[in-house]
Amino acid sequence: MLSFFQLDEWGPDIFKIHEFSNGHSLTCITFTILKKRGLLKTFEIPSGILLNYLLHLEHHYRDNPYHNQVHAADVTQSVNVLISSPTLQDVFSELEVLASIFAGAIHDVDHPGFTNHYLINTNSELAIMYNDESVLEQHHLAVAFKLLQDSNSILKFEYVQYFNKKRYRILHVLATDMSKHMSILADLKTMVEAKKVAGSSVLTLDKTDGLQVMQTMIHLADLSNPTKPISIYSIWVKNIMEEYWRQGDRERDLGIDISPMCDRNNITIAKSQVGFIDFIVQPLFETWADLVNPHAQYILDQLELNRQWYQARIPEEQDKHDATEEKTSANVESMTNSLK
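Just so you know, the sequence shown maps onto residues 1 to 340 in full-length UniProt numbering.
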């Protein structure tokens with residue numbers, strides 16, 4: 001279906017895929033990956049039923065600037081590449097591969113376009129329902145599995161009794177909660193050290209370690225924008241900033257503190273992206289690269305190029321920011337003087 005878009009390679013143009021698929025990137029990518037891996041045959045999933053579910057899933061992704069079905073498609077495709085690392089050969093069962101791909105597809109379904117912090121701070125119904133704990137992530141899971149229970153869903157088929165184990169579906173999606181980032185990174189570093197001690201080029205994992213690696217892959221894929229070609233990364237940055245700014249506008253209207261990165265009148269995008277890379281993305285991907293060495297070096301190389309690209313834009317952006325602030329201050333002073 002999408003073979004010429006090289007879904008087994010890092011960083012295909014997800015936006016062209018979305019256009020080519022007539023706005024059905026999530027369905028096309030997920031279906032193509034599962035079919036190519038032979039998982040439809042292994043688990044006896046009828047193509048028509050799977051397509052029906054995926055289209056239904058797409059419909060429940062909202063039209064947000066960032067957290068939409070294109071992002072889900074991008075994460076799903078990224079998971080597919082990460083789990084294909086030669087270092088992970090024979091590490092995961094076909095069920096675990098299916099669970100990982102599925103987690104990528106569902107991980108942000110029905111995202112409202114606001115952060116967990118905002119939902120909790122405004123006492124939203126979702127925050128109350130989930131007791132302020134991984135609010136969005138728990139909601140995504142609930143929606144995705146409610147869809148599976150609908151008539152004509154895949155749940156009619158026997159294979160789901162294996163897949164519906166909570167340890168796969170819950171741990172995978174909750175790994176996308178950024179509040180879990182430091183613990184995921186710490187667990188990954190521990191695993192890398194164990195691999196070095198063992199002196200093995202192929203991982204040997206027990207079930208707990210295997211789940212940690214799968215969670216890490218979902219988290220990596222969710223944070224992978226800065227590792228993609230700059231032409232794609234820069235679009236994602238534009239989209240996420242627009243979503244943040246819309247939240248900031250809502251917070252301003254409500255008279256509450258505007259969340260970090262959400263004030264469209266006071267933000268330096270290039271500087272924030274360099275910081276995001278330095279403190280979040282690079283440490284995670286460098287540790288992953290150690291785990292699957294040398295099969296992720298190309299990802300780190302692109303990440304460094306993107307960092308340099310944004311770093312070079314900081315001085316010009318700062319000058320514009322300072323000029324805007326000076327103009328604003330001058331206008332305020334002028335208005336104040338006119339009232340005297």
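For glycine and all other residues, C-beta sits at the position ideal for the given N, C-alpha and C.
Here's the rule: buried if 16 or more other CB atoms are within 10 angstroms of the residue's CB, otherwise exposed. What is His219?
buried
Which word fits Gln77, buried or exposed, when buried means at least 16 other C-beta atoms lie within 10 angstroms of its C-beta?
Result: buried.
Curious, which full-length beta strand (DSSP E) runs of at least 3 residues does the region 248-309 contain?
none
Go through its chain and collect everything with a Cβ distance to Asn121's Cβ below 7 Å, but skip five positions before and after it.
Ile256
What did DSSP end up calling Lys228 once you bin it into helix, strand or coil?
coil
Can you tell me the Cα-Cα spacing of His18 and Leu147, whole angstroms?
23 Å
Applying the 10 Å Cβ sphere with the 16-neighbour rule, what's the burial state of Ile128?
exposed
Are at least three pairs of beta-carbons, each pair with one atom in the region 93-101 and one in the region 59-70, less than 8 Å apart?
no
Let's see if you can read the secondary structure: which residues bound the alpha helix (DSSP H) around residue 360?
Any property of residue 360 remains undetermined from this structure, which presents the chain solely from 1 to 340.
Just to confirm, does Ser85 get its C-beta within under 6 Å of one of the non-hydrogen atoms of the ligand ZN?
The model on display carries no ligand, and the ligand ZN is accordingly not part of it.
Is it buried or exposed, Leu291, if we count other Cβ atoms within 10 angstroms and call 16 or more buried?
buried
Here's the rule: buried if 16 or more other CB atoms are within 10 angstroms of the residue's CB, otherwise exposed. What is Asn265?
exposed
Which stretch, first to last residue, makes up the alpha helix (DSSP H) that contains Phe20?
Ile14 to Phe20
Cα-Cα, which of Tyr53, Glu133 and Asn22 is closest to Leu31?
Just to set this straight, residue 31 is Phe in the shown sequence, not Leu. For Phe31, the nearest C-alpha among the options comes from Tyr53.
Neighbourhood of Glu243 by C-beta, 8 Å cutoff - its chain only, sequence neighbours within 5 removed
Contacts found: Asn64, Pro65, Tyr66, His67 and Gly113.
Three Cβ pairs or more, each shorter than 8 Å: is that satisfied between the region 178-191 and the region 275-294?
yes
Uninterrupted beta strand (DSSP E) stretches inside the region 63-93 (no shorter than 3 residues)
Runs of the beta strand (DSSP E) inside the region 63-93: none found.
Among Ser85, Asp90 and His107, nearest to Asp222 - alpha-carbon criterion
His107
Give a yes or no on whether the C-beta atoms belonging to Tyr310 and Val274 are separated by under 7 Å.
Judged by their CB atoms, Tyr310 and Val274 are nearer to each other than the 7 Å cut-off.
Minimum C-alpha distance to Lys228 - residue among Ile33, Asn116 and Val81:
Val81
Please list, in chain order, all residues of the same chain as Glu9 whose beta carbon is under 6 Å from its beta carbon, the five residues on each side excluded.
none
DSSP state of Ile45, grouped into three classes?
It is coil, neither helix nor strand.
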